[in-house]
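Colleague: Protein chains in written order, with the numbering used here: chain B, 1 to 281; chain D, 282 to 552; chain F, 553 to 870.
(1) Note down, in chain order, every chain B residue with its Cβ under 8 Å from the Cβ of residue 570 of chain F.
(2) Taking 8 Å as the cut-off, decide whether the C-beta atoms of residue 434 of chain D and residue 460 of chain D are in contact.
(3) With 9 Å as the limit, tell me which residues of the segment 131 to 154 of chain B have their beta carbon closer than that to any beta carbon of chain F; keep them in chain order.
(4) Quick one: which chain B residues come within Cβ less than 9 Å of residue 384 of chain D?
(5) Quick check on residue 215 of chain B: does DSSP put it in helix, strand or coil?
(6) Under 8 Å Cβ-Cβ, which residues of chain F neighbour residue 110 of chain B?
(7) May I have the straight-line CA-CA distance separating residue 607 of chain F from residue 122 of chain B, to the nearest angstrom?
(8) Tell me, to the nearest whole angstrom, how far the beta carbon of residue 862 of chain F is from that of residue 741 of chain F; I am working on the premise that it is less than 8 Å.
(9) By the criterion of Cβ-Cβ separation under 8 Å, what are the contact partners of residue 210 of chain B in chain F?
(10) Would you list the one or two residues that DSSP bridges to residue 363 of chain D?
(11) If you run the structure through DSSP and keep just helix, strand and coil, what is residue 453 of chain D?
(12) Can you find the residues in the same chain that come closer than 8 Å, C-beta to C-beta, to residue 352 of chain D, ignoring five residues on each side of it along the sequence?
(13) Classify residue 320 of chain D as helix, strand or coil using the three-state DSSP reduction.
(14) Are the CB atoms of residue 424 of chain D and residue 476 of chain D within a distance shorter than 8 Å?
(15) Within the continuous beta strand (DSSP E) that includes residue 527 of chain D, where are the two ends?
(16) What does a CB cutoff of less than 7 Å around residue 344 of chain D pick up in its chain, not counting 5 residues either side in sequence?
(17) Measuring only between beta-carbons, confirm whether residue 463 of chain D sits less than 8 Å from chain B.
(18) So what's residue 616 of chain F in DSSP terms, helix, strand or just coil?
(19) By alpha-carbon positions, which one of D/329, D/310, D/305 and D/306 ends up nearest to residue 496 of chain D?
(20) Does any residue of chain D have a CB that is nearer than 8 Å to the CB of residue 166 of chain B?
(21) In the DSSP assignment, find the unbroken beta strand (DSSP E) run with residue 757 of chain F in it and report its ends.
(22) Am I right that residue 147 of chain B and residue 211 of chain B are in contact with their C-beta atoms under 8 Å? What's the rounded C-beta distance?
(23) Taking the alpha carbon of residue 225 of chain B as the reference point, which residue from B/48, B/57, B/81 and B/77 has its own alpha carbon closest?
(24) Thinking just about the alpha-carbon of each residue, which of D/335, D/349, D/342 and D/298 is nearest to the one in residue 326 of chain D?
(25) Report the residue ranges of all beta strand (DSSP E) runs contained in full by the segment 473 to 524 of chain D; include only those spanning at least 3 residues, in chain order.
(26) Compare the C-beta of residue 4 of chain B with all C-beta atoms of chain D and state if any pair is closer than 8 Å.
(27) Quick check on DSSP: helix, strand or coil for residue 388 of chain D?
(28) Can the beta-carbon of residue 405 of chain D be found less than 8 Å from the beta-carbon of residue 470 of chain D?
(29) Is it the case that the Cβ atoms of residue 831 of chain F and residue 594 of chain F are separated by a distance below 8 Å?
(30) Determine, using beta carbons only, whether residue 591 of chain F comes closer than 8 Å to chain B.
(31) So which residues of chain F does residue 229 of chain B contact, with C-beta pairs closer than 8 Å?
(32) Flag this pair as yes or no: are the beta carbons of residue 168 of chain B and residue 94 of chain B separated by less than 8 Å?
(33) Is there a Cβ from chain D that is less than 8 Å from the Cβ of residue 98 of chain B?
(34) Considering just the uninterrupted stretch of the beta strand (DSSP E) at residue 333 of chain D, what are its terminal residues?
(35) Kindly list the residues whose CB is nearer than 6 Å to the CB of residue 163 of chain B, restricted to its own chain and excluding five residues on each side of it in sequence; keep chain order.
(36) Residue 185 of chain B touches chain E at which residues, Cβ-Cβ below 9 Å?
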């Protein structure tokens, strides 16, 4: 064989190997984090974790019942704000793609996706906490809800755009007005994709900590009003992780395991749902 | 039926079928997409309760013409139109006209069957009426059954009205789409190559259906298939390069075309 | 069927439903630029006392003394920039390797699972990565990585000092884990947007797969890859929880990567809830405002670069 060609082929194989090793190296932390959580978190999980309030500092026992419900409440609040705006705005981007508003909003949504979550927290603080004069579930919900908007908007845009033009034409040719065509025919056709996008976005904000530090603030007890501080799973994990108590460390691992389990289930489920849809088409 | 006789419209000089009222009348109809001049002055009268076929090579503007008749073409942002289209003497491009209402009177069936993918058979047929605000269950049932019967689909689907529309065969789906269009009681039904995606047997059924429906409503059918035009239509128009070359009773046009270009086309010398 | 002729075509309220609906949707879409604008204005307003008091000096002084009401963020800026630079130094080559693997080399059936796993890495909450950082990465860096670096590269001032585990090096490592999925996602998208014709042109000249990648794909995707790097950098600059948990949180500027440091997001996270006094709060918001402006600018730049490749020639060529 031509020695120069042998060299080139060797280079080709060498670089393939390098790229493969890069891939292994990048996926290593994922494996390490998951095995760490499985080793530490599983043994710390028990019934109390899901049903009890946190114990006093340094004393063993107690759980994260209030933090789990708190996270659910915060996600609910965020959804109330972020989902309608995201879905309707995303519909606009898809149905009127060439307008000036669409161009600007699409770009702005991409930019907003990259704004640090801690800054979202500052924003909600200035907007809600300052005027109301105390930390509240509402402020946490707003911080997370604002983060939801660009993600939901862009995924909605993408799946609504996948609805075939023929479906829109069929409805319009029946003398159905544009707005009803969009609301009653186009959006229902895209529902599965929109819901999948929303689930992934919700799973993402469920793990957000930074925007809650000085909005939802955390609470060692049950929350009684959305105008009062509220506990959240990621806040509790953070507080326990940097505490000096072994039992709290164990609970932080358990909390992290629960959080990651939610994220995994939603992501794998969403992946499964979309692959099924592709097959059905 | 005296469809052999042809005279010219006194007003517009459009070719007109004697013995039939005019359902749709176009006068100097032009259409553009951006710079593309797709229709260059079409003047013709579509006879009421007859099947009118539009034939011509691809790109001749026949689909554009069809879409101008119920203002579907304007869904393309760059589209423009000049001239007039009258549906039963009402100018559908006059100011203040709502295209949505135009489309309720001038229905359309598309090349590929396009049932609503999330709706079952019943909901597909009922969609137009229901979205216009009809809620009465019995009246909806009635409309669905009547439309499916008119589309010759009732016997095949009456036991599975709750199955998805997409579960039907291609030919059945297309008849479902026809039933859906009929449910809003249009005066005119536009069919844009309705059988081009179907097998020969299903094609035949659609053709029979078109003939049947013409007893009640006006049909305009675009086709690239000359045999189909000959089988199904009473009147045929031949389009070329955005212009109407010839328009007349079908048997006359296919046996004794008056224009050399028509003759070339129907004898397969080009296109 | 076939209603008799007639029936009015004019509707008095012609098409108002459509117009209102469109307006409603447009308002929702416009919410995004509106929120960004509001955010900038709100943060400027809240930071105003500190902006008036310190102006640009805020960025170039190191005193952070709440008691004396003296605030300068230079040491936080240093920590942020160095940890982010370290993260990119690790994440960019690795991420590009993965992207080339995914886009050019991998057999088709492996592509989906691998990119799914990379997405999953991005989906793991920051606080969980930080938790792992505290209990696994920090001890490993302290007992294994730092002594080894000191032994081999200790002649460089970068690798001197006591191995603490908590510090810039660990923060850079953990940040690289967090931003590498973004490098991979964006640069893979950019590479896959390179028209097949470009690859075929190189292959027709007898190029191997690697040569095709190097001569046809990478140059074509260059601006998009640059965009991916900016995007990852913006992420790294703003990343809060994981960094806060492993960087040591000491406001100082040291050459050694083993030294603890502090970042802008970390100081906001740690001090904001307990900040007392208007000027203290305003100074923290000012720091956040700096972060906002920098990340918005970087993201905008990154998007422009990426869009040039992904939306530009590829759509025309296909």
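Glycine included, C-beta positions come from ideal geometry on N, C-alpha and C.
Modeller: Well, looking at it:
(1) For the C-beta of residue 570 of chain F, the chain B residues within less than 8 Å are, from N- to C-terminus, 177, 178 and 179.
(2) Yes, the pair counts as a contact, with Cβ atoms nearer than the cut-off.
(3) 135, 146, 149, 150 and 153
(4) 172, 173, 174, 175 and 176
(5) coil
(6) Neighbours of residue 110 of chain B on chain F, chain order: 851 and 855.
(7) 20 Å
(8) 6 Å
(9) 678, 792, 793, 817 and 821, listed in chain order.
(10) D/311
(11) helix
(12) 373, 374, 380, 383 and 384
(13) If DSSP states are grouped into helix, strand and coil, residue 320 of chain D belongs with the strands.
(14) Result no, Cβ atoms of residue 476 of chain D and residue 424 of chain D do not sit closer than 8 Å.
(15) 524 to 530
(16) 473 and 503
(17) With 8 Å as the cut-off, residue 463 of chain D does not count as an interface residue toward chain B.
(18) strand
(19) D/329
(20) For residue 166 of chain B, a Cβ of chain D is located within less than 8 Å of the residue's own Cβ.
(21) Counting along the chain, residue 757 of chain F falls outside any beta strand (DSSP E), and DSSP gives it neither H nor E.
(22) 7 Å
(23) B/77
(24) D/298
(25) 499 to 503 and 516 to 521
(26) no
(27) Three-state DSSP puts residue 388 of chain D in a strand.
(28) no
(29) No. Outside cutoff.
(30) Residue contact check for residue 591 of chain F against chain B: a CB pair falls below 8 Å.
(31) By Cβ distance, chain F contributes nothing, its closest Cβ being about 10 Å from residue 229 of chain B, past 8 Å.
(32) no
(33) yes
(34) 332 to 336
(35) If we look at residue 163 of chain B and ignore the five residues flanking it on each side, its Cβ neighbours are 186, 189 and 190.
(36) Reference to chain E is not applicable here, since the protein chains of this structure are B, D and F.
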